[in-house]
Each structure stands twice: as C-alpha cells, then as structure tokens.
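Add 179 to a position in the sequence shown, counting from 1, and you land on the number used in this note's numbering. Note that beta-carbon positions come from the ideal geometry of N, C-alpha and C, so glycine has one too. The structure presented is a predicted model; accordingly, all values stated were derived computationally and were not measured.
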Amino acid sequence: MRSNGKSKVLVVGPAWVGDMVMAEAATANLSESGAAVHMLAPAATAPIAKRMPSVTAVHELRAGHGQLALGERRSVARTLRREGFDQAIVLPNTLKSALVPWFARIPKRTGFRGEHRHGLLNDMRRLDPKGQPTMVDRFVSLSGGAYRVPLLTADPANLDRQYDALGLPKADHVVALCPGAEFGPAKRWPVNHFAEVAAYCAKRGASVWLFGNETEKEACDSIANRVPEAMNLAGRTDLASAIDLLSGADCVVANDSGLMHVAAALDRRVVALFGSTSPDFTPPLAAGAVALREPQPCSPCLQRTCRFDHYKCLVDLAPARVIKAIEPCMSS
C-alpha cells in the first residue's frame with residue numbers, strides 16, 4: 180500500500196471478448212475500493228479494456244491466442260516493473276497468463292489454482308463452482324468485492340464518424356444482428372432464422388445492421404443477400420467501432436458470443452440465443468436481456484460441433500420467439 184493509501188493493481192485480462200467484458204465487474208470493484216487499476220490485455224481484447232470506465236491504463240500483450248511468446252512476456256514485464264504495482268490479479272487460469280506478473284516481480288500475485296501455477300502465484304485461491312457458479316462471480320471473488328454487472332462506455336463521437344464512414348441512414352429503430360460465434364457452429368443460430376428476423380424488422384421500418392468479423396462475413400453476406408435492406412457491416416469495423424455502433428442499437432440479437440456480452444455491458448436490450456452452451460454460466464447481464472434456448476436431451480453439451488449432426492437445439496429455436504422478444508424495441 181502506498182503512502183497516499185491508494186494501491187496500484189494490475190489485472191491480467193482474458194483473451195476472449197466475452198470474458199474480457201465480464202472482467203469489468205472485477206476492475207469496477209477494485210476501482211471503487213480506491214485502487215488505481217491497470218489492465219494487461221491481449222491485443223485482440225484490449226479495445227474492450229479501453230472502454231472500461233474503471234480502468235486507468237491498458238497495456239497490450241502482443242502474443243497470439245494460445246502462444247507462449249516468452250520474449251514478448253519478458254519485454255512487457257520489464258516495462259510494467261517500472262510501474263511499481265502492489266498486486267496483480269490474474270483472471271485466466273492458464274500458466275502463461277501468470278508469467279508477466281512473476282517476471283515483473285509484483286509482490287502479491289492473486290489467482291485461482293490451475294495449470295501448475297505454484298510459485299508464479301503466491302495468493303492462490305481455490306475455485307468453488309457451487310459458490311461461484313458464473314464467470315462474473317469468479318472474477319468478482321478475486322477482486323474482493325460484491326457482485327456487479329459489467330459496464331462499458333461508448334465513444335459518441337466515433338459513433339457519429341461511423342455513421343458517416345459506413346453510410347448508415349438515420350432511423351427511429353435500429354436492430355443489430357450478430358450471427359457469429361468464435362467457439363463453433365454449435366453456438367450459431369441458423370442463418371435462415373436470422374434472415375427471417377431481419378426481414379421482419381426491415382418490413383417494420385427498422386434499420387438492420389449485421390455485425391461480424393472476416394470469418395463471419397459469409398453468414399452476414401447470406402443474410403444480406405436475402406434481405407437487401409440490411410446494412411452488412413461484417414469485416415468493415417474494428418472491435419472498438421463495433422462497440423460504439425452497438426451502443427446505437429435499440430435491440431441486439433446475438434448468439435452466445437463476445438458481442439452479446441458487449442451489447443449487454445452497453446445496457447442494450449439483448450436477445451441472446453443459446454445452443455450447446457447454457458445461460459447459467461455466461462448469461463447476458465443487461466437488465467432487459469432475454470436468453471432463449473430450445474433444450475434437447477443432449478444439451479447443454481458445451482461442444483463446438485453437434486456430435487449427432489442435427490443441431491436441434493438451434494434449428495428448433497423458432498424465429499417467432501425472437502421476433503416476440505424484440506417487439507418492445509419496435510414499438511417504443
């Protein structure tokens with residue numbers, strides 16, 4: 180603890196977008212306790228950390244997903260050593276995520292027991308799956324605070340710039356559709372179902388925005404081909420701009436994905452679609468969020484692909500249920 184009574188804490192953030200969003204619940208608790216909170220974030224999720232109101236500074240780790248990248252971790256650690264952190268809180272459970280705080284000689288290094296991290300962490304916590312049933316519960320427990328909903332802030336000026344750059348028309352209602360999910364096809368609601376929802380929204384006069392990265396562009400292209408009125412933004416925005424654009428949507432329909440959590444942290448009305456996964460562990464946390472699923476005897480299987488190749492948990496989730504859930508956005 181410093182002479183001014185304010186501690187300085189480094190939070191090691193996750194590599195997945197959704198997990199990084201949920202990390203804000205931990206950084207908010209730390210900030211509220213009076214700590215100056217810095218985030219060490221992979222380049223892929225650093226834009227999320229930069230939209231956290233509770234984070235003072237973001238330090239990027241330029242290591243690919245799953246890469247050990249010892250040289251990069253040592254280099255970053257040398258820089259962080261000069262910051263004089265009192266504590267590091269390591270949110271991921273991997274060995275490599277604990278290396279930078281150890282290299283940086285941060286005196287207190289907190290995290291859950293996992294993947295041979297004895298010595299790297301010196302404040303080891305035991306995970307309680309029953310007492311900490313959700314990802315947010317687990318992150319918050321490491322920060323020592325009470326449960327809270329993650330919060331992201333958008334950049335209104337960048338939202339205006341994106342309207343101009345992408346040629347987005349102004350509309351009374353905007354519905355964002357996010358048909359992708361990095362985890363695998365067992366999380367992805369069928370494209371033709373998304374197209375049916377897009378057609379309904381367009382017919383009602385709403386502006387429909389399709390979001391996705393380059394790997395999800397094919398799904399967005401397919402929807403746009405069936406519903407020409409939809410604005411296909413797939414591959415045309417970076418993550419930071421996607422955050423700001425989602426803040427301008429009245430309603431967001433998304434698979435269990437990173438963008439689902441982004442929209443929830445922006446306090447949008449979220450309609451979240453669950454297939455192989457369960458809202459019991461990573462639900463959308465916005466007050467008005469709705470989680471929809473069509474349980475099967477085999478679900479939730481938590482698999483990337485359907486071992487029976489029928490994907491009934493997704494196929495049988497009817498577009499009519501989604502349309503009913505977004506109806507309040509269309510009439511407000």
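Taking Cβ to Cβ, would you say R513 is nearer than 8 Å to A242?
In this structure the chain extends from 180 to 511, so residue 513 is not present and cannot be described.
Looking at the unbroken beta strand (DSSP E) that takes in N434, where does it start and where does it end?
C430 to N434
Can you check whether the CB of N337 is closer than 8 Å to the CB of D534?
Outside the modelled stretch of the chain, which goes from 180 to 511, sits residue 534, for which no answer is possible.
Quickly, what does DSSP pair Q266 with across the bridge? List them, please.
V188 and K287
Would you call the CB atoms of A214 and V196 closer than 8 Å?
no
Count the other CB atoms, across all protein chains shown, that sit within 10 Å of the CB of Y379; report buried if there are 16 or more and exposed otherwise.
If you draw a 10 Å sphere on the C-beta of Y379, you find 16 or more other C-beta atoms in it, and that means buried.
What number of angstroms, rounded off, separates the C-alpha of H295 from the C-alpha of L274?
6 Å
Just verifying my parser: in three-state terms, what is the DSSP assignment at L412?
The three-state secondary structure of L412, taken from DSSP, is coil.
According to the neighbour-count rule (16 or more other Cβ atoms, all chains shown, within 10 Å of its Cβ), is A377 buried or exposed?
buried
Go through its chain and collect everything with a Cβ distance to L496's Cβ below 8 Å, but skip five positions before and after it.
W368, H372, L452, G454, L471, R472 and E473
Where in the segment 330-412 do unbroken runs of the alpha helix (DSSP H), each at least 4 residues long, occur, reported from the N-terminal end onward?
335-345, 370-382 and 396-405
Do you know offhand how far K185's Cα is from G263's?
12 Å
Within a Cβ cutoff of 6 Å, which residues of the same chain sit near I285, ignoring the five residues on either side of it in sequence?
F264 and A267
Out of A333, D334, S320 and F390, which has the shortest C-alpha to C-alpha gap to V354?
F390
Measure the beta-carbon distance from H238 to A194 and round it to whole angstroms, keeping in mind my assumption that it falls under 8 Å.
About 15 Å; that fails the 8 Å criterion.
Just to confirm my understanding: we take A365, look at its own chain, exclude 5 residues before and 5 after, and list those with CB closer than 6 Å. What are they?
G454, S455, Q482, R483, T484 and C485, listed in sequence order.
Under the rule that 16 or more other beta-carbon atoms within 10 Å means buried, what is K229, buried or exposed?
buried
Beta-carbon separation of N122 and G414 under 8 Å?
The question about residue 122 has no answer here: the residues shown for the chain are numbered 180 through 511.
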